[in-house]
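Inspection log for the structure reproduced underneath, given as structure tokens.
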Amino acid sequence: MPYQTLLFDVRDGAAFITINRPEKLNALNDQVVDELADAAERVATEQPIRGAILTGSGTKAFVAGADIADLSKQGPFDGKARAQRGQAMLRRFETCGKPVIAAVNGYALGGGCELAMACHLRIASDAAKFGQPEVKLGIAPGYGGTQRLPRLVGKGNALHLILTGDMIDAREAHRIGLVNQVVPAADLMAAAEKTLRGILAMGPLAVRLALEAVDQGLEMTLEEGLLLEANHFGLLAATEDMKEGLTAFLEKRPPRFRGK
Ligand code: COA
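Residue numbers (my numbering): -18 to 241.
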């Protein structure tokens, strides 16, 4: 699919996905959502892509939310369908089996905050701002905000953001656990790429199964989650990567993982 609203660039195994509607603060209209869904599918299925970084174009916004012009025309059934399309796109990034990092370069509001939360890690510029302002528009979060935000920052912090619609800055987002790291704006992409390259140097099968265990385990009882973890641990013992990782340690050399 040729993209009109995204830049999609693959360099040395890392996909750099930039939402590119800076004149509308990268708001998620239907076309952006469709193109992001295609991009997520590519990350999940294309073998040369081993991880991804998502960011927004321009200096002002990561994503300033779902496109309010689109929302203003919706009725109850297409509204629900829109929410489900957006949710499915976010879930595809979340379950793509490869590390996805949000490099939050500015406003991450509504659907922007929700998109960042579906990524596995969030690195924010010190100029970034976060919020779930939907209630100010008479709507509630529709792309997973009511579900992922409390899982990330706890019920109290989540309800504070969702009920007041207040924006918080990057430092406060870091304090409550919404972002993993805050860096100066000029260093954002380098910091995100450094983190991604670090993960890409690990055993890719181990990374994949760790992502899956955390994602699925959060919805399980402790007993079920521990069994899933033990099964993954056993499965990894059948891989060449495990042999390579342990042997490399004992031979005091860096491992060369092949994802096998
Ligand atoms: N949907 C559609 N268009 C949006 C948008 C959104 N979520 N957010 C910003 N834009 C558009 C504006 O309408 C404006 O377009 P225009 O120049 O054609 O009028 C352009 O992006 C620039 O935004 P502007 O509001 O002029 O910038 P600002 O610096 O004054 O304010 C914000 C920045 C982020 C505070 C403000 O744009 C805002 O509140 N956006 C909506 C945030 C929101 O409620 N998101 C959740 C949606 S569910």
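Glycine included, each C-beta is placed from N, C-alpha and C at the ideal position.
Residue i, enclosing beta strand (DSSP E) - first and last residue
i          : result
lysine 110 : 110 to 112
glycine 32 : 32 to 37
leucine 90 : 88 to 90
Proximity test, residue i beta-carbon vs the ligand COA heavy atom, cut-off 6 Å
i              : result
tyrosine 124   : no
proline 235    : no
lysine 54      : no
glutamate 115  : yes
tyrosine 88    : yes
isoleucine 34  : no
leucine 6      : yes
isoleucine 143 : no
aspartate 59   : no
Collapsed DSSP secondary structure at residue i in the structure displayed
i                 : result
glutamine 55      : coil
valine 116        : helix
phenylalanine 74  : helix
threonine -1      : strand
alanine 25        : helix
phenylalanine 238 : coil
glutamine 197     : helix
glutamine 65      : helix
leucine 102       : strand
Boundaries (first-last residue) of the alpha helix (DSSP H) holding residue i
i              : result
isoleucine 157 : Premise fails: isoleucine 157 is in no alpha helix (DSSP H) and is neither H nor E.
aspartate 222  : 221 to 231
C-alpha distance - residue i paired with residue j, whole-angstrom precision
i             : j          : result
histidine 101 : valine 188 : 11 Å
arginine 31   : lysine 79  : 6 Å
- Item | Three or more C-beta pairs below 8 Å linking the region 56 to 73 and the region 33 to 45 | no
- Mind the definition here: the region 53 to 62 touches the region 131 to 138 only if three or more C-beta pairs lie below 8 Å; say whether that holds. At 8 Å Cβ cutoff, the stretches do not touch.
- Query: Should the region 8 to 19 be called in touch with the region 156 to 172, which here means at least 3 C-beta pairs below 8 Å?
  - Reply: Put simply, the region 8 to 19 does not touch the region 156 to 172. Fewer than three CB pairs are less than 8 Å apart.
- Examine the Cβ distances between the region 177 to 193 and the region -14 to -1 and report whether three or more of them are shorter than 8 Å. yes
- Decide yes or no for the touch test of the region 142 to 149 against the region 189 to 207: beta carbon pairs closer than 8 Å, at least 3 of them. No, the region 142 to 149 is not in contact with the region 189 to 207.
- Message: Below 8 Å, how does it come out for the region 213 to 227 and the region 108 to 122: are there three or more Cβ pairs, yes or no?
- Response: no
- Message: Between the region 76 to 95 and the region 111 to 122, can you find at least three pairs of beta-carbon atoms closer than 8 Å?
- Response: These segments touch.
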